[in-house]
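Enquirer: The structure's right below; bear with me while I get my questions together.
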Amino acid sequence: MAITVGINGFGRIGRLVLRVALSRSDIKVVAVNDPFIAAEYAAYMFKYDSTHGKYKGEVTHNGSSLVIDGQTITVHQERDPEQIPWGKDGVDYVIDSTGVFTTLDGASKHITGGAKKVIITAPSKDAPMFVMGVNNEKYTADLNIVSNASCTTNCLAPLAKVINDNFGIESGLMTTVHSITATQKTVDGPSHKDWRGGRTASGNIIPSSTGAAKAVGKVLPELDGKLTGMAFRVPTVDVSVVDLTVNLKKSTSYEEICQVMKAASENELKGVLGYTEDAVVSQDFISDNRSSIFDAAAGIMLTPTFVKLVSWYDNEFGYSTRVVDLLQHVAKVSSA
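Read left to right, the sequence shown gives residues -1 to 334 (my numbering).
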């Protein structure tokens, strides 16, 4: 039986989640809600994507519905999640990609509207966070609201897990060199909570905060308090890169680190973690559906216990793919 899904928020992640979901035979997206996007405009925004290219199937609209490859998807424009008729639409699972309803209290409004479970596509202060390949096996069917963490945590956590499992992490600092996102400004504008964040995105390297490294401690409790990090927002439209510098408990060589990363990418973390020795740059990872691609040629080691590791990620497409993977995992456990 198909997993029936509603998507709240039809922005970058919401639209890419729909693209990924349409490629999975066991998922049926039946409704989309976005107060700012009517069906006609939703069809246009879904069909044309400046970063990932034109959708290859057929996209039209019919009144208040999207029609994609012959499948009708109802479009709602409600501001209050409690008013979205998920129950009437037959939606069991809601993917909330608004970035607004990120707490248990906010996300629970979807359940009031008739949904059974909610997946938040952002870090959450109080909802349990799961990263595919890292701690998803800890999900239990009684959890009705979960978070897929952030795109950066999805890149960092598999990397940190492999390193910690093999060598032990004493402490570490992460920097993500991160592409522009929709919250940034095209020209200098007001940003009262983050003055630097209000500067022109396309012409600056902008230091920023991120909770991604600390969040790794929530999905890998053994690393709680051992990692922290920051971000540089840079003028690229998509694909970001994590730079993780760690003190190791066990002495090793850079060659051995590369060996264990390659082995993990081919076995237990296949599809989540990638490995490359090629002379790659960010554009090479546009639309890559993996969470984290270890760049063997970019890392450096100073001592046998002090090393810098580099891993790439498509912060849009890779993350959206994991959202759908988590949805399938939650549905599988819940129906068992």
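Even glycine gets a Cβ: it sits at the ideal position worked out from N, Cα and C.
Indicate the three-state DSSP secondary structure (helix, strand or coil) for T234 in the structure shown.
Expert: T234 falls in the coil class under three-state DSSP.
Enquirer: Does the distance from the C-beta atom of V244 to that of I291 stay below 7 Å?
Expert: Their beta carbons are not under 7 Å apart, which means V244 does not touch I291 by this criterion.
Enquirer: Verify whether the separation of the beta carbon atoms of D32 and G61 is less than 7 Å.
Expert: No; because the gap between Cβ atoms is not below 7 Å, this pair is not in contact.
Enquirer: Whose C-alpha, out of M172, R17 and D236, is nearest the C-alpha of F44?
Expert: Of the listed residues, the one whose Cα sits closest to F44 is R17.
Enquirer: For H190, count neighbouring C-beta atoms within 10 Å of its own C-beta (all shown protein chains included) and say buried if the count is 16 or more, exposed if not.
Expert: Exposed.
Enquirer: Contact check, L324 vs N146 under 8 Å by CB: the rounded distance?
Expert: Contact holds; Cβ gap of about 5 Å.
Enquirer: Sort out for me which residues DSSP pairs S290 with in a bridge.
Expert: The partner list for S290 (beta bridge, DSSP) reads L271.
Enquirer: Determine the direct distance from the alpha carbon of T184 to that of P79, and round the result to whole angstroms.
Expert: Roughly 30 Å between the two C-alpha positions.
Enquirer: Kindly list the residues whose CB is nearer than 8 Å to the CB of I1, restricted to its own chain and excluding five residues on each side of it in sequence; keep chain order.
Expert: Closer than 8 Å at the Cβ level, and outside the excluded window around I1, lie D24, I25, K26, D90, Y91, L325, Q326 and A329.
Enquirer: Exposed or buried, G223, counting other C-beta atoms within 10 Å across all chains shown (16 or more means buried)?
Expert: Looking at its Cβ environment, which holds fewer than 16 other Cβ atoms inside 10 Å, G223 is exposed.
Enquirer: Start and end of the beta strand (DSSP E) containing L300?
Expert: Segment I298 to T301, the beta strand (DSSP E) holding L300.
Enquirer: Nearest to K247 by CA position, among I35, F165, S21 and F34, is which residue?
Expert: Residue F165 is the option with its Cα nearest to K247.
Enquirer: Using 8 Å as the cut-off, can you tell me whether the segment 210 to 222 makes contact with the segment 258 to 275, which would need three or more C-beta pairs spanning the two stretches below that distance?
Expert: No contact exists between the segment 210 to 222 and the segment 258 to 275.
Enquirer: A36: which of D47, F230 and H59 sits nearest, CA to CA?
Expert: The candidate whose alpha carbon is nearest that of A36 is H59.
Enquirer: Spatial neighbours of T198 within its chain, please: CB distance less than 8 Å, with the 5 preceding and 5 following residues excluded, ordered by chain position.
Expert: For T198, where only same-chain residues beyond five positions count, the Cβ hits under 8 Å are K183, T184, V185 and D186.
Enquirer: Closer than 8 Å by C-beta to N162: which residues in its own chain qualify, once you throw out the five before and the five after it? Chain order, please.
Expert: So the list reads L218, E220 and L221, once near-sequence residues are dropped.
Enquirer: On the CB-based measure, 16 or more other CB atoms within 10 Å of its CB, does T138 come out buried or exposed?
Expert: Exposed.
Enquirer: Among residues of its own chain, excluding the 5 on either side of V15, which ones have a beta-carbon nearer than 8 Å to its beta-carbon?
Expert: For V15, where only same-chain residues beyond five positions count, the Cβ hits under 8 Å are I5, I93, S95, T119, S318, V321 and V322.
Enquirer: Output the distance between the C-alpha atoms of F315 and T100, rounded to the nearest integer angstrom.
Expert: Near 20 Å, if we compare the C-alpha coordinates of T100 and F315.
Enquirer: So, using beta-carbon positions, are A29 and T72 closer together than 7 Å?
Expert: Closer than 7 Å, so yes.
Enquirer: So what's L218 in DSSP terms, helix, strand or just coil?
Expert: Of the three classes helix, strand and coil, the one that applies to L218 here is coil, per DSSP.
Enquirer: Cα separation between I298 and K306?
Expert: In a straight line, the C-alpha of I298 is about 5 Å away from that of K306.
Enquirer: Which residue's Cα is closest to the Cα of D293: F304, L300, V258 and T301?
Expert: When only C-alpha atoms are compared, the closest one is V258.
Enquirer: Taking the CB atoms as reference points, tell me whether N313 and C149 lie closer together than 7 Å.
Expert: Yes, Cβ-Cβ distance for N313 and C149 is below 7 Å.
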